[in-house]
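Input: a single structure, listed below in structure tokens.
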Amino acid sequence: MTSSRSLTARELTLGYDARTVVDGLDLDIPPGRITVIVGANACGKSTLLRGLARLLVPSGGTVLLDGRDIHRMPTVQVARVLGLLPQSPIAPDSITVADLVARGRYPHQGWLHRRSGDSDAIVDGAMASAGVLDLAERSMDELSGGQRQRVWIAMALAQQTDLLLLDEPTTYLDISHQIEVLDLLVDLNAERGTTVVMVLHELSLACRYAEHLVAMREGRVVAAGSPSDIVDAELVRRVFGVDSLVVPDPVSRSPMVVPFSRHHRPGEPAR
């Protein structure tokens, strides 16, 4: 069943101290679809995600969850609907994989914080989906960067929210695990109707996996829509400042971006 939860930003302004990073931004997240946010470093992608997740208080404008100001909603109510995997999460010292993933169930537990058999099954299922069930009793301190990232993804899955926000979920992962994680998010969207919003750096992968692509530059949305409708060489130049060739991905037929460099341009021999 597709999620009907709505998440929108209206004239949203976010920043740190006196520095504005996101400036008067309007954004509608399509319910039940996969949205990917792209843009150059320091364009405001992660700041926007933090604002959507209620981790940053806007200096202007508002974020609306189901039409309500997200900052006026109880924390537990928001946590039951919206989950966030930040860019560099920090695990408590010596916590095991199973215990960390189980923390994703906290918003769904009663005031005594008792775990149920259903919660245990959900935690095990989340670890299995993320490929870390065999690491359940290991300490997070013992794991590689890629293993830790998959554990954090398992915790986000265990939360079972209708909206899931992920900031660079493929960080530290090799290409095979990147594809596994992105395929997992597609499965989650297809099977549970979860609305997925994620920040990705790899533009061609973003085009392959996004149903709705949001391109940002200097704290504002430059273009939003289907990758096939909005991604061309001009957009890549405007957003990333590089010349490129945009061709159909031979696998997915989505736009594939081939950037030029000073040493590699069309018609010139490779060095």
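Quick note on my numbering: the sequence shown kicks off at 14 and runs consecutively.
Every residue gets a Cβ at the ideal spot worked out from N, C-alpha and C, and that includes glycine.
All values reported here derive from a predicted model rather than from experimental measurement.
Considering only C-alpha positions, which residue in the set the options is nearest to residue i?
| i | options | result |
| --- | --- | --- |
| Ser274 | Val94, Leu258, Ser267 | Leu258 |
| Leu170 | Tyr185, Ser157, Asp137, Glu181 | Asp137 |
| Gly80 | Thr21, Gln90, Pro71 | Thr21 |
| Ala262 | Ala66, Leu148, Tyr222, Thr75 | Contrary to the premise, residue 262 reads as Asp rather than Ala in this sequence. Cα-wise, what sits closest to Asp262 is Tyr222. |
| Arg278 | Val194, Val255, Asp175 | Val255 |
| Arg205 | Pro87, Gln172, Leu65 | Gln172 |
| Leu97 | Met153, Asp175, Ala141 | Asp175 |
| Thr184 | Glu155, Val210, Glu215, Asp196 | Glu215 |
| Glu231 | Leu78, Asp30, Gly57, Ile103 | Gly57 |
| Glu150 | Ala203, Pro182, Ser101, Ala115 | Ala115 |
| Leu78 | Gly238, Leu177, Pro182 | Leu177 |
| Ser101 | Arg266, Leu148, Leu179, Val260 | Leu179 |
| Ser267 | His276, Pro240, Ser157 | Pro240 |
| Leu27 | Val199, Asp133, Val70, Pro182 | Val70 |
| Leu198 | Ala31, Gly45, Tyr29, Pro87 | Gly45 |
| Val210 | Ile135, Gln162, Pro99 | Pro99 |
Report yes if the CB atom of residue i is closer than 8 Å to the CB atom of residue j, and no otherwise.
| i | j | result |
| --- | --- | --- |
| Leu68 | Val234 | no |
| Thr208 | Leu201 | no |
| Val264 | Ile50 | no |
| Arg85 | Pro120 | no |
| Val34 | Thr60 | yes |
| Leu218 | Ala236 | no |
| Ile83 | Val91 | yes |
Which two residues bound the contiguous alpha helix (DSSP H) that contains residue i?
| i | result |
| --- | --- |
| Tyr222 | 216-222 |
| Gly158 | 158-172 |
| Thr208 | No alpha helix (DSSP H) holds Thr208; the beta strand (DSSP E) holding it covers 208-212. |
| Arg18 | Segment: none, Arg18 is in no alpha helix (DSSP H) and carries neither H nor E. |
| Thr88 | 88-94 |
| Thr60 | 58-65 |
CA-CA distance, residue i and residue j?
| i | j | result |
| --- | --- | --- |
| Asp41 | Glu24 | 12 Å |
| Leu95 | Thr109 | 24 Å |
| His190 | Ile47 | 19 Å |
| His225 | Arg18 | 16 Å |
| Ile243 | Phe253 | 14 Å |
| Val271 | Arg250 | 12 Å |
| Leu324 | Trp165 | Here the chain has residues from 14 to 284 only, and residue 324 is not among them. |
| Arg118 | Gly52 | 33 Å |
| Leu148 | Ser107 | 14 Å |
In terms of residue numbering, what span does the beta strand (DSSP E) encompassing residue i cover?
| i | result |
| --- | --- |
| Ser189 | Where Ser189 is concerned, there is no enclosing beta strand (DSSP E), although the alpha helix (DSSP H) it sits in stretches over 188-205. |
| Ser257 | 257-261 |
| Asp41 | 32-42 |
| Ile103 | Taken as a continuous stretch (DSSP letters only), Ile103 belongs to no beta strand (DSSP E), as it is neither H nor E. |
| Asp180 | 176-180 |
| Thr48 | 47-52 |
| Arg230 | 225-230 |
Taking 7 Å as the cut-off, is the beta-carbon of residue i closer than that to any non-hydrogen atom of the ligand ZN?
| i | result |
| --- | --- |
| Val89 | The ligand ZN is not part of the structure shown, which contains no ligands of any sort. |
With a threshold of 8 Å between beta-carbons, can residue i be considered close to chain C, or not?
| i | result |
| --- | --- |
| Asp82 | No chain C is part of this structure, which consists of one protein chain only. |
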